[in-house]
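What follows is a set of notes on a single structure, which appears directly below.
Residue numbers (our numbering): 2 to 438.
Structural data, given as structure tokens:
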């Protein structure tokens with residue numbers, strides 16, 4: 002394993018470009034594939050790109066809020082103290098890798114934005130306490146938790162189809178989370194990954210001579226620059242706990258009423274509300290909350306300026322019919338037993354070009370649900386196969402690693418060699434889940 006991970010790390014370090022270069026290459030590749038495999042001309046593909054580039058603004062904003070709110074909550078004193086206490090108990094590099102992976106998996110299952118941030122922050126905290134631990138593997142372990150996010154409580158596809166009036170409600174109806182997130186096959190996949198992935202990551206630990214330890218400068222936290230208190234209404238209101246209590250109380254009452262009247266129904270907006278309200282409460286004063294929010298917004302820069310390019314790619318793949326070509330090819334080699342498995346693989350391929358659960362669902366759902374109707378397959382399981390494909394290839398899609406890398410002070414190529422091995426390992430588990438359950 003050590004020789005294999007050394008090879009994959011060397012491969013990624015030499016050939017994986019910056020995420021912006023990566024998306025530029027993907028854009029050019031999709032344009033070329035669209036011209037070759039569809040009836041579209043080069044000018045048509047450019048037009049599809051331009052028409053699609055602003056097509057996901059609402060979804061982009063939801064994703065930005067998920068990430069920023071998760072960052073704010075993870076940086077609250079309560080969570081930071083908890084992370085420091087746990088990290089101080091870890092004494093060896095092997096245990097460090099196992100704990101970081103496990104914490105990240107749990108956090109990402111709850112909410113992918115929160116998991117991304119808390120995993121990276123915990124890894125950084127562990128690096129303060131544990132010597133001779135490979136920092137690249139530590140951050141890769143933190144990011145590896147993302148592989149379960151779409152099978153968790155914030156999964157955009159299962160939450161979308163659990164919402165009344167979703168785009169495919171006429172065909173599949175409203176699908177409760179008991180048929181998706183809490184189904185036997187989904188729980189099998191999540192639990193097996195949860196139990197085994199921490200030890201798999203531990204297995205990838207490099208030899209002593211290959212270990213890359215953290216640069217001590219990266220362990221220095223940015224200090225919050227709070228304004229000097231003044232004896233006036235504006236300054237006092239910014240430091241008032243009463244405002245926090247008032248806003249927090251409104252939020253908690255709304256959330257309690259939501260769950261009492263609608264049951265345990267989660268969608269992206271409810272998840273965002275939970276994290277914003279808790280972030281406000283745990284930071285105590287508006288001044289501290291806003292300072293944390295200002296820091297959190299910095300981690301969303303890559304999403305804000307790269308997501309439109311992926312929306313443009315999605316526009317090309319949808320309008321040209323290229324996504325349909327990919328998906329229909331997998332459908333053509335499927336039967337009643339392998340349909341979910343090949344749907345998973347098709348989604349994994351499409352996710353490389355469209356790293357957005359909601360966007361990918363919009364692209365693939367019409368084709369895969371139509372095929373499910375023809376084969377008599379279960380709509381809920383088809384949706385979850387697409388969801389897992391979307392989560393799976395995030396391990397080699399540097400887009401979603403940007404926030405964790407920003408916190409860690411690393412580049413995508415530093416961790417992607419390890420993540421490639423996680424892709425292979427988790428792919429085997431997920432394939433078993435869809436093939437035999």
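Beta carbons are placed, not taken as given, at the ideal position from N, Cα and C, and that holds for glycine. Quick caveat: nothing in here was measured; it's all calculated off a predicted structure.
Just checking my contact of residue i with residue j at CB under 8 angstroms: how many whole Å lie between their CB atoms?
{"i": "residue 198", "j": "residue 102", "result": "6 angstroms"}
{"i": "residue 28", "j": "residue 310", "result": "6 angstroms"}
{"i": "residue 120", "j": "residue 104", "result": "7 angstroms"}
{"i": "residue 149", "j": "residue 106", "result": "6 angstroms"}
{"i": "residue 202", "j": "residue 145", "result": "6 angstroms"}
{"i": "residue 173", "j": "residue 380", "result": "4 angstroms"}
{"i": "residue 390", "j": "residue 77", "result": "Not a contact, Cβ separation roughly 34 angstroms."}
{"i": "residue 417", "j": "residue 49", "result": "That pair is no contact at about 29 angstroms."}
{"i": "residue 405", "j": "residue 143", "result": "6 angstroms"}
{"i": "residue 462", "j": "residue 22", "result": "The chain is shown from 2 up to 438; residue 462 falls before or after that span and cannot be answered."}
{"i": "residue 392", "j": "residue 20", "result": "Not quite, the Cβ-Cβ distance comes to about 18 angstroms (not below 8 angstroms), so this is no contact."}
Following the continuous alpha helix (DSSP H) through residue i, name the residue where it begins and the one where it ends.
{"i": "residue 433", "result": "413-437"}
{"i": "residue 129", "result": "113-130"}
{"i": "residue 40", "result": "Premise fails: residue 40 is in no alpha helix (DSSP H) and is neither H nor E."}
{"i": "residue 85", "result": "78-89"}
{"i": "residue 171", "result": "170-173"}
{"i": "residue 338", "result": "Taken as a continuous stretch (DSSP letters only), residue 338 belongs to no alpha helix (DSSP H), as it is neither H nor E."}
{"i": "residue 329", "result": "323-333"}
{"i": "residue 407", "result": "403-409"}
{"i": "residue 381", "result": "380-393"}
{"i": "residue 212", "result": "Counting along the chain, residue 212 falls outside any alpha helix (DSSP H), and DSSP gives it neither H nor E."}
{"i": "residue 4", "result": "3-16"}
Can you tell me which of the options puts its alpha carbon nearest to the alpha carbon of residue i?
{"i": "residue 95", "options": "69, 128 and 79", "result": "128"}
{"i": "residue 141", "options": "401, 435, 432 and 429", "result": "401"}
{"i": "residue 411", "options": "386, 176, 43 and 138", "result": "138"}
{"i": "residue 192", "options": "116, 418 and 110", "result": "110"}
{"i": "residue 431", "options": "146, 342 and 361", "result": "342"}
{"i": "residue 284", "options": "319, 19, 36 and 81", "result": "81"}
{"i": "residue 424", "options": "394, 335 and 131", "result": "394"}
{"i": "residue 253", "options": "20, 235, 239 and 282", "result": "282"}
{"i": "residue 92", "options": "134, 116, 51 and 67", "result": "134"}
{"i": "residue 67", "options": "175, 153 and 273", "result": "273"}
{"i": "residue 365", "options": "324, 24, 162 and 4", "result": "324"}
{"i": "residue 207", "options": "164, 433 and 419", "result": "419"}
{"i": "residue 450", "options": "314, 357, 398 and 407", "result": "The chain is shown from 2 up to 438; residue 450 falls before or after that span and cannot be answered."}
{"i": "residue 87", "options": "251, 33, 124 and 230", "result": "124"}
{"i": "residue 38", "options": "320, 275 and 403", "result": "320"}
{"i": "residue 434", "options": "188, 56, 65 and 176", "result": "188"}
{"i": "residue 251", "options": "158, 231 and 278", "result": "278"}
{"i": "residue 158", "options": "363, 213, 238 and 7", "result": "363"}
{"i": "residue 409", "options": "118, 262 and 339", "result": "118"}
{"i": "residue 162", "options": "154, 176, 153 and 263", "result": "176"}
Look up residue i in the DSSP assignment and say whether it is helix, strand or coil.
{"i": "residue 288", "result": "helix"}
{"i": "residue 248", "result": "helix"}
{"i": "residue 180", "result": "helix"}
{"i": "residue 55", "result": "coil"}
{"i": "residue 45", "result": "helix"}
{"i": "residue 202", "result": "helix"}
{"i": "residue 137", "result": "helix"}
{"i": "residue 96", "result": "helix"}
{"i": "residue 155", "result": "coil"}
{"i": "residue 260", "result": "helix"}
{"i": "residue 25", "result": "helix"}
{"i": "residue 239", "result": "helix"}
{"i": "residue 167", "result": "coil"}
{"i": "residue 271", "result": "helix"}
{"i": "residue 374", "result": "helix"}
{"i": "residue 355", "result": "coil"}
Count the CB pairs spanning the stretch 370-387 and the stretch 153-170 that are closer than 8 angstroms, and state whether there are at least three. yes
Using 8 angstroms as the threshold, is the stretch 67-74 in touch with the stretch 290-299, meaning 3 or more CB pairs across them? yes
Would you check if there are 3 or more beta carbon pairs closer than 8 angstroms linking the stretch 320-338 to the stretch 367-375? yes
Inter-stretch contact (C-beta, 8 angstroms, three-pair minimum) for the stretch 52-63 and the stretch 297-312: yes
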